[in-house]
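First comes the structure, then the notes that go with it.
There are 2 protein chains.
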Amino acid sequence: MEKAYRELCERTGEIVDLGSATAVLGWDQQVYMPPGGAEARGRQMATLGKLAHEMIINPRNGVLLNQLVKFEKSRGYDSKEATIIRLSRRGYEKAVKVPPEHTSKMSKAQSECFEAWLRARPANDFTLVRAKLEKSFALYREYSDFFPGHQHPLDPLIDNNDYGMRASDIRKIFSELRRKLVPMVEAITGQEPADDSFLKKKYDGPKQLEFGKSVVQDFGYDFERGRQDMAAHPFTTSFTVGDVRITTRIHENYLGSALFGTLHEAGHAMYEQGCDPDFDGTLIRGGTSIGVHESQSRLWENIVGRSMPFWKHYYPALREQFPKQLGKVPLDRFYRGINKVQKSLIRVEADEVTYNLHVMMRFDFECDLLAEKMSVSELPDAWNDRMEADLGFRPPTDANGVMQDIHWYSGAVGYFQGYSLGNIMSAQFYNAALKAHPEIATEIGRGKFGTLHGWLRDNIYRHGSKYTANELLERTTGGGLDIGPYMKYLKTKYGELYDL
Amino acid sequence: MEKAYRELCERTGEIVDLGSATAVLGWDQQVYMPPGGAEARGRQMATLGKLAHEMIINPRNGVLLNQLVKFEKSRGYDSKEATIIRLSRRGYEKAVKVPPEHTSKMSKAQSECFEAWLRARPANDFTLVRAKLEKSFALYREYSDFFPGHQHPLDPLIDNNDYGMRASDIRKIFSELRRKLVPMVEAITGQEPADDSFLKKKYDGPKQLEFGKSVVQDFGYDFERGRQDMAAHPFTTSFTVGDVRITTRIHENYLGSALFGTLHEAGHAMYEQGCDPDFDGTLIRGGTSIGVHESQSRLWENIVGRSMPFWKHYYPALREQFPKQLGKVPLDRFYRGINKVQKSLIRVEADEVTYNLHVMMRFDFECDLLAEKMSVSELPDAWNDRMEADLGFRPPTDANGVMQDIHWYSGAVGYFQGYSLGNIMSAQFYNAALKAHPEIATEIGRGKFGTLHGWLRDNIYRHGSKYTANELLERTTGGGLDIGPYMKYLKTKYGELYDL
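Keeping their order, the protein sequence lines are chains A and B. This note's numbering puts the first residue of the first sequence at 1, with every later residue one more than the last. This note's numbering puts the first residue of the second sequence at 1001, with every later residue one more than the last.
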């Protein structure tokens, strides 16, 4: 084994450990930290981030990467060695293009913008955050300028979350998706709305949790290598292959939140738990992109967890837990209720069919803001106009409009596209699994998920971030990103529920 | 403000943040981490420790400290600026004397020894850990050699935990204490033992917790800046003045464990919570020594929490919680039970009177091992002989003998003395508080602790580690370490309970 390779592993391993430590601090911050800990926690996480950044851009890494060009080739693209070198090089070359002063300016601007959003949103006053958001977007544009040669200024930002994707590719696939979705939404929402009133009765919290836990255990989420806690904004986080944690929140007056939230987070978590343990502590551990990550959460939440065969199996158990609330609700009414399609204001509460319209609009705005085709001050009106055009009504407040998502205000730009890419890929991956193992469909109806989980582990999970999203698609489907399977899935499912 | 000072603050602030992050990882490890997380967590904490060490010994710190000699003098010993410089210098000068290779050898040897102990103790086989412990002690001796001029090879290790104390000082005070304690123990244990059978009935866990929580809230432990969780080996940990957490364990068949453990940990925690917030994120935050820390935990656990006035106030409430178990136990019997003195095997379960005998024996062995007057292989027999001489019986197993404490096996050598120094100082500090505010004694009998807490905050807590233990004693009592008040406390209390 090359000495330079060993040194690179040691150096990047320390960076990975620092990242995992930051993740533990972040988990604690959202789950158990008392109020008095907030201020210092922000500072501590910033310090770890600063140290990690300094370690990434250390010139020694560049020297080692130069020495390892031949070694990398000799090992072959798929090898652990070549992958570690490739991912190190990708991270290093990108990080050193950005002057450290810009990195600190950006992180300062982001945390100021986030603080302002925390005040502006409850006050329903966009002007309280507008200047900070303008500054943030100006810094994102500057960031893009450090990568000359990009097609679109959003590309270097997208690339941080969905490596290898460009705004033009995404725009192309989104406009195709949009063309097919809009008439579908119109057709469905013109019909009698589904009844989901029974979901909004009082459901005991601990019982909700217990049910969700038992389902994700059936899915294959391993509680010996994870745990579930409560959080105001549910998330999944991963410190090692052996410790991947999910969180959820309970609404005592809405069954859907904890239940489907738990299935969703377990999808993310199984991806992280399924990584080859040999990659632990290296750059390869962890999902390869936001899009692929989201494909896993949506696959388990929606394709599996909102399907009829799934509920044929699980509904009797759920009903037994909640006889008062569900005793008189037959399975087909329950199934219609959990798959209710409606025009709504809030992205995170949107159904499978309308969800992507929320995402596309955010993506289009990001493109326009980065390309200076739109200014931040035009954003609230543009938001409301687009909501009206796409989803039929204007948000009554900016709090429920342009300020509803944390992303732009906390530094996640070039991120939203991942949610819809995930939806599209979820159907592609599921189809590939089904093609290899047609018995998956009937197994789901028996509450058995071993074959599906096994296929996902072998074809996606275990690779960590060795392959890009496109490489995973190529390996599993023989082609690239394709909305076909996703549209077919929606048409079949909602064609049975509605007159399409 | 000097530029060099600002840079020193920034550099040491990052080291402090790394330390706090490591503490969060340690808390999680013992409180919520699933089994699968263990291996990576050890590695992550080692990485943070290594980075912090590299930052401490960075030669730039030496340059800055040289530049700051005049500035430090100009600010005066008590100033925040001079204190930060003084504590930086102390840490830097000590750390750079130890070659980095020795530091890594030591941390490797310690974790190997700890792993071996984890196996050896349940197997009751000291030979499984003997060689590792020998190696550890050899490395401790080497460590001492890096500080030529010490009086005793244990001194540089003691100094890491109880700054400014030397083995000779401690030995002198311990032999004085021993001379007075041994006849006391003999006199008490020759009499009819107290009845504490009622403590060993079944006590509902959540109710135990609730009661302990309400008491430490009365003490002044702030749950807005802390929390309580369960841990197999209870501890207190501090991430910032605003986030100081306690842990406890519940024995459903023994009331004493969670209750007095909670009072003890709250004593540690209030010390950390009471630090001047202006010191947060600097080297000054946090208790000044193991001894002073232990003085605070023992003061609240024993001097307050095992006193008659305290229980005159709290016993009715405890009895109300547990009428079946305590309904027929009058206050004086309860008081005798929680203060039962007996010769026992296990240090952490020992009463106030015998506790110090356990500590002194460990301290003497450390001295002899470091000075090569005793070898590790002689340790088990020496342990059993001394137990027999001091406490009347030989441990039936090494698991309950030489292997009972984690300290030596995990790298805490030169640490035990702090427990007895804490006992001695607890009485000195309490006397000083009482002298300033005689009403404290009656307030305790009314469940009011504001005056005592306030005096401790003003005279001890708020200073963090600005003053050494001896300086705190000097400031509050006008003298140094003195067993007088502690012996007087024991004689008065146990003279009333037993015929002395």
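Just so you know, even glycine gets a beta-carbon here, dropped at the ideal spot from N, CA and C.
Check, Outcome
"Look up B:His1152 in the DSSP assignment and say whether it is helix, strand or coil.", "coil"
"Nearest by alpha-carbon distance to A:Val502: which of A:Glu224, A:Leu255, A:Ala232 and A:Phe260 is it?", "One cannot answer for residue 502 of chain A here, as it falls past the ends of chain A, which runs 1 to 500."
"Anything in chain A within Cβ reach of B:Met1033, meaning under 8 Å, just list it in chain order.", "Asp243"
"Just tell me which of A:Thr103, A:Glu272, A:Glu443 and A:Pro395 has its CA closest to the CA of A:Ser307.", "A:Glu443"
"Would you list the residues sitting across from B:Asp1243 in a DSSP beta bridge?", "B:Thr1240"
"For A:Tyr143, which three-state DSSP category applies?", "helix"
"If contact means a Cβ-Cβ distance below 9 Å, which residues of the region 1254–1280 of chain B contact chain A?", "Gln1273 and Asp1280"
"Distance cutoff 7 Å, beta carbons only. Does A:Arg227 sit that close to anything in chain B?", "yes"
"Just curious, the beta strand (DSSP E) that A:Gln228 is in, first and last residue?", "Gln228 to Met230"
"Quick check: what's the CA-CA separation for A:Arg60 versus A:His102?", "21 Å"
"On the three-pair Cβ rule with 8 Å, is the region 210–220 of chain A touching the region 259–274 of chain A?", "yes"
"Which residues in chain B have a C-beta closer than 7 Å to the C-beta of A:Thr240? List them in chain order.", "Gly1037 and Ala1040"
"Please confirm if A:Thr47 has its CB atom under 7 Å from at least one CB of chain B.", "yes"
"Cβ of A:Gln44 less than 7 Å from any chain B Cβ?", "yes"
"With DSSP run on the structure shown, which of helix, strand or coil describes B:Thr1397?", "coil"
"Given that a residue counts as buried once 16 or more other Cβ atoms are within 10 Å of its Cβ, and exposed if not, what is B:Ile1057?", "buried"
"Name the two residues that bound the continuous alpha helix (DSSP H) containing A:Ser74.", "Val69 to Arg75"
"Given B:Asn1459, which residues of its chain have a CB within under 6 Å of its CB, disregarding the five upstream and five downstream residues?", "Thr1476"
"Does the distance from the C-beta atom of B:Leu1501 to that of B:Gly1464 stay below 7 Å?", "For residue 1501 of chain B there is no data in the structure shown, the boundaries of chain B being 1001 and 1500."
"In this structure, how does DSSP classify B:His1251 when only helix, strand and coil are distinguished?", "strand"
"Using a Cβ-Cβ cut-off of 6 Å (strictly less than) and excluding sequence neighbours within five positions of A:Leu391, which residues of its own chain qualify?", "Lys343"
"As a quick exercise: from B:Tyr1140, B:Met1184 and B:Leu1064, pick the residue whose alpha carbon is nearest that of B:Glu1010.", "B:Leu1064"
"Going by C-alpha distance, which of B:Asp1482, B:Lys1073, B:Pro1277 and B:Ser1079 is nearest A:Gly36?", "B:Pro1277"
"For B:Ala1232, verify whether its CB is less than 6 Å away from any heavy atom of the ligand FAD.", "For the structure depicted, the ligand FAD is absent and the ligand set is empty, with no information on it obtainable."
"Give me the chain B residues within the contact set of A:Glu14, using Cβ-Cβ distance strictly less than 9 Å, ordered along the chain.", "Thr1047, Lys1050 and Leu1051"
"In three-state DSSP terms, what is A:Gln404?", "coil"
"List the residues of chain A that B:Leu1025 touches, going by C-beta distances under 7 Å, in chain order.", "Ala21 and Val24"
"Suppose you measure from the CA of B:Phe1334 to the CA of B:Pro1323; what does that come to, to the nearest Å?", "13 Å"
"Output yes if chain B places a C-beta closer than 7 Å to the C-beta of A:Glu72; else output no.", "no"
"Can you give me the C-alpha to C-alpha distance between A:Phe429 and A:Asp222, rounded to a whole angstrom?", "22 Å"
"Hey, quick one: how far does the alpha helix (DSSP H) through A:His53 stretch, first residue to last?", "Ala38 to Ile56"
"Under a CB-based cut-off of 7 Å, is B:Asp1017 close to chain A?", "yes"
"Who are the near neighbours of B:Pro1485 in its chain, counting only those whose CB is closer than 7 Å to its CB and skipping five residues on each side?", "Ala1427, Gln1428 and Asn1431"
"If contacts are defined as beta-carbon pairs under 8 Å, then A:Met33 and A:Arg43 qualify, I think. What distance do you get, rounded to the angstrom?", "Incorrect: roughly 13 Å between the Cβ atoms, too far for contact."
"In angstroms, rounded to a whole number, what distance separates the CA positions of A:Glu72 and A:Phe279?", "17 Å"
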